Amino acid sequence: MANESEVVPDFYDIDSILSRTTRVACTYRDGTPRDIYDMLGTTAPHFTDEKGYKVLTPFWFVRALAPFCTPSVPLAYNSNVRNVLLANAEHADLEALQPYYYEMGMHLCSSLDETVAVALADCLLKTVVQRIGGIVLRAIHGNEVPRKIDNMEKKLYEESVRNRDRLHDYFRAQRKGTKRRKRRYEAI
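The opening residue of the sequence shown carries number 239 in my numbering; numbering runs sequentially from there.
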């Protein structure tokens, strides 16, 4: 159709939108138009040396500005934090690091150079694998809502609680059904 336009699959996903509001330090090169600095709400430098000029930039804007800047790896995703998560992610406070830790990490993977992106993707995968079992177990065996979890893990916990409740309802209904059948057979 002529009126439809192609958009990325997560274009209307509120979590994806919120994760991209995070500000990332970007190094702007010499020759960056002054209007870009105005859009970012900062004053343009009079002179930019070979190191560039660092400005915090909303992540949703980074791809559009790619010809003029290079994003830096945010603190929550740097190699030291990744090493801690790879060693023991169960007790890490992902919510304090980044409320949308996994979502933002996935977006970062597409914006960073390949070696850092692969290391970050590996860390994200291993982190979720280490943490997922504990979150689901808390949902199944207790009413204690886990803390120190990011938004995706909160959704996982809530869905696990709903599934636990549905499973309990199913078993209750099955027990009631078998009790009635036994009584009917006894009456015959």
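Note that beta-carbon positions come from the ideal geometry of N, C-alpha and C, so glycine has one too. The structure displayed is predicted, hence computed values, not measured ones.
Beta-carbon separation of residue i and residue j under 8 Å?
{"i": "L313", "j": "D388", "result": "no"}
{"i": "C264", "j": "S310", "result": "yes"}
{"i": "L454", "j": "T260", "result": "The structure shown does not extend to residue 454, since the chain is modelled only from 239 to 426, so the question has no answer here."}
{"i": "V300", "j": "V246", "result": "no"}
Residue i to residue j, Cα distance in whole Å?
{"i": "I274", "j": "V293", "result": "11 Å"}
{"i": "A355", "j": "N321", "result": "15 Å"}
{"i": "E382", "j": "E396", "result": "12 Å"}
{"i": "F409", "j": "I255", "result": "40 Å"}
{"i": "G290", "j": "L335", "result": "27 Å"}
{"i": "D407", "j": "I378", "result": "14 Å"}
{"i": "H345", "j": "R258", "result": "8 Å"}
{"i": "T353", "j": "R385", "result": "32 Å"}
{"i": "D253", "j": "Y338", "result": "8 Å"}
So who's on the other strand from residue i, going by DSSP bridges?
{"i": "R443", "result": "Residue 443 lies beyond the residue range present for the chain, which begins at 239 and ends at 426; the question has no answer from this structure."}
{"i": "Y266", "result": "Y291 and C307"}
Does the segment 357 to 367 come close enough to the segment 399 to 413 that 3 or more CB-CB pairs lie under 8 Å?
Judged by Cβ distances under 8 Å, the segment 399 to 413 makes no contact with the segment 357 to 367, as fewer than three pairs qualify.
Could you tell me which uninterrupted beta strand (DSSP E) segments, each at least 3 residues in length, are contained entirely in the segment 304 to 380, listed from first to last along the chain?
Those beta strand (DSSP E) runs which fall completely within the segment 304 to 380 and span 3+ residues are 307 to 309.
How do the segment 274 to 287 and the segment 330 to 346 stand: do at least 3 beta-carbon pairs fall below 8 Å, yes or no?
Verdict: no, contact absent.
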